[in-house]
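Residue numbers for the sequence shown follow this note's numbering, beginning at -19 and rising by one.
Before any comments, here is the structure.
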Amino acid sequence: IGAIPSEWNRFDRLFIDLTRNEIDRLDPVFCEQVSAWQEGAVEDYGCDAILCPPQKYSDYGRKAGSDSECQSCENTGGAPFFGATKCDSSDKASEHEILKKLYYATNGPEWVVNLGWENGDAMCNWYGVECEDGKVVGIDLSENGLKGTVPPEIFTLSGLRELDLETNDVGFDFSDIEEATSLEVLYLRSEERRVGK
């Protein structure tokens, strides 16, 4: 999981195939400043010429011409990353990938506590993650300095029973919440805390 290195924008011309690489971020600067990339297709098709966005796919994982549009996935949770070539369940993100997506979407490196999230520990040892039999059943990152939008894929964690993200500066996309069939407790409250009398 990751992004195309921003340093690559120094290349005026580049043809590169990054499909099916679990890329979760694509800086718009690539679409604005490198129009000669992909043999000039970026000038014609924008970012789609580099990679189809999440929730879309094409046979090439990008728009390679007028006959290879990036098409929307019909199934919820299909094609969770840039550059998908199909929308079936094999493209569905793993629990590890979903947690990493949460981390980067909510400014994880700046969290108050992010033990384990960056150093290669097993996800069940990450701060705030509770597992049973290797599956995520709880996430408690309350009052932890999260900022950004929580990815909707969080609701596709099939064993997730409790999600506590209260008192963080986060927004939500609830588009996948119908998949949260095990979810029993959801804490999202945010309020100003008073200090002293």
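Glycine included, C-beta positions come from ideal geometry on N, C-alpha and C.
Note that the structure is a prediction, hence the values are computed from the model and not measured.
The three-state secondary structure of R5, taken from DSSP, is strand. Taking the Cα of N1 as reference, the smallest distance to any Cα among P60, D120 and P132 is reached at P60. The criterion of a C-beta distance shorter than 8 Å is satisfied by E133 and D156. Between the region -18 to 1 and the region 46 to 58 there are fewer than three inter-stretch CB-CB distances shorter than 8 Å, so the stretches are not counted as touching. In this structure, C11 lies away from C32, with their beta-carbon atoms at least 8 Å apart. Per the DSSP secondary-structure output, C111 pairs in a beta bridge with V116. Judged by DSSP in its simplified three-state form, Q51 adopts strand. Looking only at L(-6), R5 and L168, the smallest Cα-Cα distance to K80 is reached by R5. One Cα belongs to E49, the other to S38, and the distance between them is close to 6 Å. T(-1) and P8 have their C-alpha atoms spaced approximately 17 Å apart. Annotation for Y25: the continuous alpha helix (DSSP H) segment containing it runs A21 to Y25. DSSP lists no bridge partner for K80.
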